[in-house]
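Below is one structure, written out as structure tokens; the observations come after it.
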Amino acid sequence: MNILQNLAVKLGITRAEMTAVSLLILFLILGGAVRYSGSVQEADKLIKKAEASRYSEAEVDSLLRLASKVDYGAEEETSRSSGEETGNEQAGRAGQAARAGKKTFTGTIPFNTASASRLQNIPGVGPVMAKKLVTFRAEKGGKVKQFDDFLEVTGIGKKKLEVLKKHLTLE
Numbered sequence: 064m065n066i067l068q069n070l071a072v073k074l075g076i077t078r079a080e081m082t083a084v085s086l087l088i089l090f091l092i093l094g095g096a097v098r099y100s101g102s103v104q105e106a107d108k109l110i111k112k113a114e115a116s117r118y119s120e121a122e123v124d125s126l127l128r129l130a131s132k133v134d135y136g137a138e139e140e141t142s143r144s145s146g147e148e149t150g151n152e153q154a155g156r157a158g159q160a161a162r163a164g165k166k167t168f169t170g171t172i173p174f175n176t177a178s179a180s181r182l183q184n185i186p187g188v189g190p191v192m193a194k195k196l197v198t199f200r201a202e203k204g205g206k207v208k209q210f211d212d213f214l215e216v217t218g219i220g221k222k223k224l225e226v227l228k229k230h231l232t233l234e
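Heads up, the sequence shown is in this note's numbering, so the first residue is 64 and it goes up one at a time.
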């Protein structure tokens with residue numbers, strides 16, 4: 064006799080009843096496994112979404128600008144104490160002056176041929192976002208056909224997509 068038959072005899076149930084109970088237990092275990100795997104996949108999606116939205120691109124760009132200003136401030140203090148100014152500090156000051164006098168961009172740029180530095184003219188697009196856009200374009204084979212495709216880029220939501228639609232052409 065096999066194990067199930069021995070158990071059926073000890074429990075005082077028929078072989079058919081034991082088979083039915085075994086099948087029910089098997090389906091219960093399979094159902095739990097399927098449900099658990101679905102919840103694990105859902106949790107994984109939520110974790111990825113939370114990681115992606117930790118910092119928006121605008122926040123990252125502003126943090127980078129703030130960090131560069133702090134670095135320039137430290138360099139200026141050092142140069143004042145030593146009485147000399149390096150080329151990097153002069154370039155940094157020129158860059159700050161250029162940013163201070165920067166006007167808002169109102170034109171359009173052909174996205175499929177634009178460089179990262181040209182994309183940075185668009186409001187809300189900094190060096191990080193421009194690099195992501197150029198990489199995204201390369202992944203799409205060098206040509207993007209629909210604006211909705213930009214939603215695949217990390218950091219681009221509906222609001223930023225509207226800004227991009229105003230300033231980009233997909234020719």
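All residues carry an ideal CB built from backbone N, CA and C; glycine is no exception.
(request) Entirely within the segment 83-130 and at least 3 residues each: give me those beta strand (DSSP E) ranges in chain order. (result) none
(request) For LYS195, collect the residues of the same chain with a Cβ closer than 6 Å to its Cβ; drop the 5 residues on either side in sequence, then sort them by chain order. (result) Position 132 of the sequence shown, counted from the first residue, corresponds to residue 195. Around LYS195: VAL216.
(message) Looking only at its chain, what residues have a beta carbon closer than 7 Å to the beta carbon of PRO173, apart from the 5 residues adjacent to it on each side?
(response) Counted from its first residue, the sequence shown places residue 173 at position 110. Excluding sequence neighbours, PRO173 sits near THR232, GLU234.
(message) What does the Cβ neighbour count give for GLY204, buried or exposed, with the cut at 16 atoms within 10 Å?
(response) Here the question's residue 204 lines up with position 141 in the sequence shown. Exposed, since its Cβ has fewer than 16 Cβ neighbours within 10 Å.
(request) Check the Cβ-Cβ distances between ARG200 and every residue of chain D, and say whether any is below 7 Å. (result) In the structure shown, chain D cannot be found, because there is only a single protein chain.
(message) What would DSSP say about LEU231, mapped onto helix, strand or coil?
(response) Here the question's residue 231 lines up with position 168 in the sequence shown. Three-state result, LEU231: strand.
(request) Below 8 Å on the Cβ atoms is my guess for PRO186 versus PHE213; work out the distance and round it to an integer in Å. (result) Taking the sequence shown and counting its residues from 1, the one referred to as residue 186 is at position 123. Taking the sequence shown and counting its residues from 1, the one referred to as residue 213 is at position 150. That pair is no contact at about 15 Å.
(request) Please check the pair GLY189 and LEU127, which I expect to be a contact at CB under 8 Å, by giving their CB distance rounded to whole angstroms. (result) To locate residue 189, count along the sequence shown from 1; it is residue 126. To locate residue 127, count along the sequence shown from 1; it is residue 64. About 7 Å separates the two Cβ atoms, so the contact holds.
(request) Please classify LYS223: is it buried, with 16 or more other beta-carbons within 10 angstroms of its beta-carbon, or exposed? (result) The sequence position of residue 223 within the sequence shown is 160, counting from 1. By the neighbour-count rule (16 or more Cβ atoms within 10 Å), LYS223 is buried.
(request) Mind checking which residues open and close the alpha helix (DSSP H) that includes VAL188? (result) Position 125 of the sequence shown, counted from the start, is the residue given in the question as residue 188. Taken as a continuous stretch (DSSP letters only), VAL188 belongs to no alpha helix (DSSP H), as it is neither H nor E.
(request) Throw me the rounded Cβ distance for the ALA193 and GLN183 pair, which I believe falls under 8 Å. (result) Indexing the sequence shown from 1 puts residue 193 at position 130. Indexing the sequence shown from 1 puts residue 183 at position 120. 5 Å between Cβ atoms; contact.
(message) From the DSSP secondary-structure annotation, give me the bridge partner or partners of ILE66.
(response) Residue 66 sits at position 3 when you count from the first residue of the sequence shown. DSSP lists no partner for ILE66.
(request) Please report the residue range of the alpha helix (DSSP H) in which SER178 lies. (result) Taking the first residue of the sequence shown as position 1, residue 178 is located at position 115. Here SER178 belongs to no alpha helix (DSSP H), and DSSP marks it neither H nor E.
(request) Starting from the Cα of THR171, find the closest Cα among ALA113, ALA96, SER131, VAL226 and give me that residue. (result) One-based indexing of the sequence shown puts residue 171 at position 108. Measuring from the Cα of THR171, the nearest candidate turns out to be VAL226.
(request) With a 10 Å radius around its C-beta and 16 neighbouring C-beta atoms as the bar for buried, classify GLY218 as buried or exposed. (result) The residue you call residue 218 lines up with position 155 of the sequence shown. Burial call: buried.
(message) I'd like to check one pair, ALA179 with VAL197: are the Cβ atoms closer than 7 Å?
(response) One-based indexing of the sequence shown puts residue 197 at position 134. One-based indexing of the sequence shown puts residue 179 at position 116. Yes, the pair counts as a contact, with Cβ atoms nearer than the cut-off.
(request) Note down the Cα distance separating ASP107 from LEU93, rounded to an integer number of angstroms. (result) Counted from its first residue, the sequence shown places residue 107 at position 44. Counted from its first residue, the sequence shown places residue 93 at position 30. The alpha-carbon atoms of ASP107 and LEU93 are separated by roughly 21 Å.
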